[in-house]
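Participant: One structure is given below, represented as structure tokens, and several questions about it will come after.
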Amino acid sequence: TKFCCTTRWKEALVTFSSFGIHLSYICRLPQNTGPCRGAFPRFFYNVTSQTCTSFIYGGCQGNGNNFQSQEDCNNSRLPKLLGWPPNSSPYEQGPCRASIKRWYYNKETGICQTFYYGGCKGNKNNYMDENQCKSTCTGEVPGLVLPRDSRLQSGMCRGAFPRFYYDSDSASCKTFIYGGCGGNDNKFESEEECMSVCSGTGEDWANQIVLTYCS
């Protein structure tokens, strides 16, 4: 799942599989009018009512839970990914007679469970695997962590490419020699890029970001 993201420094593309950023921070942020005194009608995702709600934005700062229209808020897919399960219906096996293992979101238990799909029709509460179900319906991104939570890995190859990694012990970015393949996401071409992604907490980073769905 991809989102177009505009930070205070640059435009970037956040990809769950690349950075593993848990975007639940965004939709759980409260409305924030900011310190300026403008009066701009905006919408934010209200986790209590599970709806996109209007508020008046001051015009500067604030946080990422800030959309120009109710349609933008609804279409951002953040509510669906983060705390607003899109599939409240029970699973449907369908009329066909195959026996294909699939996953569905159980609204009562709040978890993803298996069922056997007949192979045709049914409904949208039908996922190929547990990870797809969780990332869509529970806000979890299984097995993914922020790059700053990963230790240095030089990789398996024998190249010699200068790179930077985030050292969580010293809270700074340091140089290392990357072999050229393998390794992990804690790997940046410049110290500036490393610090812009990894310094501060995920919540701090979320406060600086505005998301729109990439169609």
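Each residue of the sequence shown is one higher than the one before, starting from 12 at the first, in the working numbering.
Positions of the beta carbon are idealized from the N, C-alpha and C atoms, including for glycine.
1) May I ask you to report which of helix, strand or coil DSSP gives aspartate 178?
2) Here's the rule: buried if 16 or more other CB atoms are within 10 angstroms of the residue's CB, otherwise exposed. What is glycine 75?
3) Report the partner residues of tyrosine 116 according to the DSSP bridge assignment.
4) Once DSSP output is grouped into helix, strand and coil, what is the label at cysteine 1?
5) Can you check which of these residues, Cys192, Tyr177, Ala182, Ser181, is closest to serine 201 by C-alpha distance?
6) Using 8 Å for Cβ pairs, my map puts lysine 145 next to threonine 125. What's the rounded Cβ distance?
7) Determine the contact status of arginine 60 and proline 52, defining contact as a CB-CB distance below 8 Å.
8) What did DSSP end up calling cysteine 63 once you bin it into helix, strand or coil?
9) Serine 189 bridges to which residues according to DSSP?
10) Could you check what DSSP says for cysteine 184 in three-state terms: helix, strand or coil?
11) What residues are listed by DSSP as bridge partners for arginine 53?
12) Could you say which of Lys132, Tyr56, Trp114 lies nearest to proline 106 if we only look at CA atoms?
13) I'd like to check one pair, serine 100 with tyrosine 127: are the Cβ atoms closer than 8 Å?
14) Report back the beta-carbon spacing between phenylalanine 175 and cysteine 205 to the nearest angstrom; my notes put them in contact at under 8 Å.
15) Let me make sure I understand the geometry here. Which of Asn134, Gly69, Asn86, Asn142 has the alpha-carbon closest to that of cysteine 63?
16) Closest to isoleucine 122 by CA distance: which of Tyr102, Gly129, Cys184, Arg108 is it?
17) Of all the options Thr186, Cys148, Gly130, which has the alpha carbon lying nearest to the alpha carbon of threonine 120?
Facilitator: Reading from the atomic positions:
1) Numbered from its first residue, the sequence shown carries residue 178 at position 167. If DSSP states are grouped into helix, strand and coil, aspartate 178 belongs with the strands.
2) Indexing the sequence shown from 1 puts residue 75 at position 64. Flag for glycine 75 reads buried.
3) Here residue 116 corresponds to residue number 105 of the sequence shown, with the count starting at 1. According to DSSP, which records beta bridges pairwise, tyrosine 116 is partnered with Cys123.
4) This structure leaves residue 1 out entirely; the chain is present only between 12 and 226.
5) Along the sequence shown, one-based indexing puts residue 201 at 190. Looking at the Cα atoms, Tyr177 is the closest of the given residues.
6) As a first step, residue 145 must be located in the sequence shown, where it is residue number 134. As a first step, residue 125 must be located in the sequence shown, where it is residue number 114. So it is not a contact: roughly 13 Å between Cβ atoms.
7) Taking the first residue of the sequence shown as 1, we reach residue 60 at position 49. Taking the first residue of the sequence shown as 1, we reach residue 52 at position 41. According to the sequence as given, residue 60 is serine; it is not arginine. Not a contact, by the Cβ cut-off of 8 Å.
8) Taking the first residue of the sequence shown as position 1, residue 63 is located at position 52. Looking at cysteine 63 - three-state DSSP - the assignment turns out to be strand.
9) The residue you call residue 189 lines up with position 178 of the sequence shown. Before going further, note that residue 189 is tyrosine rather than serine in the sequence given. Phe172, per the DSSP bridge assignment.
10) Residue numbering aside, residue 184 sits at position 173 when the sequence shown is read from its first letter. Reduced to three states, the DSSP call for cysteine 184 is strand.
11) Counting from 1 along the sequence shown, the entry for residue 53 is found at position 42. Paired residue(s): Phe66.
12) Along the sequence shown, one-based indexing puts residue 106 at 95. Taking only the C-alpha atoms, the option nearest proline 106 is Lys132.
13) Along the sequence shown, read from residue 1 onward, the residue named residue 127 stands at position 116. Along the sequence shown, read from residue 1 onward, the residue named residue 100 stands at position 89. No, these two residues do not count as a Cβ contact at 8 Å.
14) As a working note, residue 175 is residue 164 in the sequence shown. As a working note, residue 205 is residue 194 in the sequence shown. At roughly 4 Å, the Cβ-Cβ gap stays under 8 Å, so phenylalanine 175 and cysteine 205 are in contact.
15) Here residue 63 refers to the residue found at position 52 when the sequence shown is read from its first residue. The residue with the shortest Cα to Cα distance from cysteine 63 is Asn86.
16) Numbered from 1 along the sequence shown, position 111 holds the residue referred to as residue 122. It is Tyr102.
17) Translated into the one-based positions of the sequence shown, residue 120 becomes position 109. Threonine 120 has its Cα closest to that of Cys148, out of Thr186, Cys148, Gly130.
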